[in-house]
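> Sharing a structure with you now.
Numbering (the numbering used here), first residue to last: 32 to 177.
This is the structure in structure tokens:
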């Protein structure tokens, strides 16, 4: 395979991922959820008692973005906002039962999404896995970031 073919496949894969990240998906609730929404649900589910500032660090987005996405999820009945008795200043979020369903379904979605590739990788000899790992290390290092 020529170098250009490999590079074209990388771009094709990158475009597929980019397009996927723009589309909403159903995760077992009545609402279609955008990636930012389901990843906020995932962060809240994985980091119990994290306040908005902590969630912004975890997700790598601003407090304002946390509040925007959280408000959408509150309106959809997937997240609840609360304050601690001993801390009236900070805002915290927790998943509702519907938010828990979305979180579990999102996890299942990724397990299924990766299943085929995990099976493929499991069949490779260690030398090939090392070559692939080195290739992706170099790709990540050289890929432009915004």
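Beta carbons: idealized from backbone N, C-alpha and C, even for Gly.
Does residue 119 come out as helix, strand or coil in the three-state DSSP assignment?
Translated into positions along the chain shown, residue 119 becomes position 88. If DSSP states are grouped into helix, strand and coil, residue 119 belongs with the strands.
> Report the CB separation of residue 62 from residue 69 in whole angstroms; it is logged as a contact under 8 Å.
Numbered from 1 along the chain shown, position 31 holds the residue referred to as residue 62. Numbered from 1 along the chain shown, position 38 holds the residue referred to as residue 69. About 10 Å; that fails the 8 Å criterion.
> Using the beta-carbon count (16 or more within 10 Å), is residue 102 buried or exposed?
For this step, residue 102 is matched to residue 71 along the chain shown. Under this definition residue 102 is an exposed residue.
> Would you list, in sequence order, the uninterrupted alpha helix (DSSP H) runs of no fewer than 4 residues that lie entirely inside the stretch 44–82?
66–77
> Can you round the beta-carbon distance between residue 86 and residue 72 to whole angstroms, since I take them to be within the 8 Å contact cut?
Taking the chain shown and counting its residues from 1, one reaches residue 86 at position 55. Taking the chain shown and counting its residues from 1, one reaches residue 72 at position 41. Actually they do not touch by this definition, with Cβ atoms about 11 Å apart.
> Any idea what DSSP makes of residue 154, helix, strand or coil?
The residue labelled residue 154 in the question sits at position 123 within the chain shown. It is coil, neither helix nor strand.
> Under 8 Å: do the stretch 122–141 and the stretch 153–166 share three or more Cβ pairs, one atom per stretch?
no
> Report the residue from 106, 43, 162 and 65 whose alpha carbon sits nearest the alpha carbon of residue 52.
Your numbering for residue 52 matches position 21 in the chain shown. The candidate whose alpha carbon is nearest that of residue 52 is 65.
> Would residue 129 be called buried (16 or more neighbouring beta carbons within 10 Å of its own) or exposed?
Here residue 129 is taken as the residue at index 98 of the chain shown, counted from 1. Burial call: buried.
> With H, G and I counted as helix, E and B as strand and the rest as coil, what does DSSP make of residue 86?
Walking along the chain shown from the start, residue 86 turns up at place 55. It is helical.
> In three-state terms, what does DSSP make of residue 109?
For this step, residue 109 is matched to residue 78 along the chain shown. In the structure shown, residue 109 sits in coil (DSSP, three-state: anything other than H, G, I, E or B).
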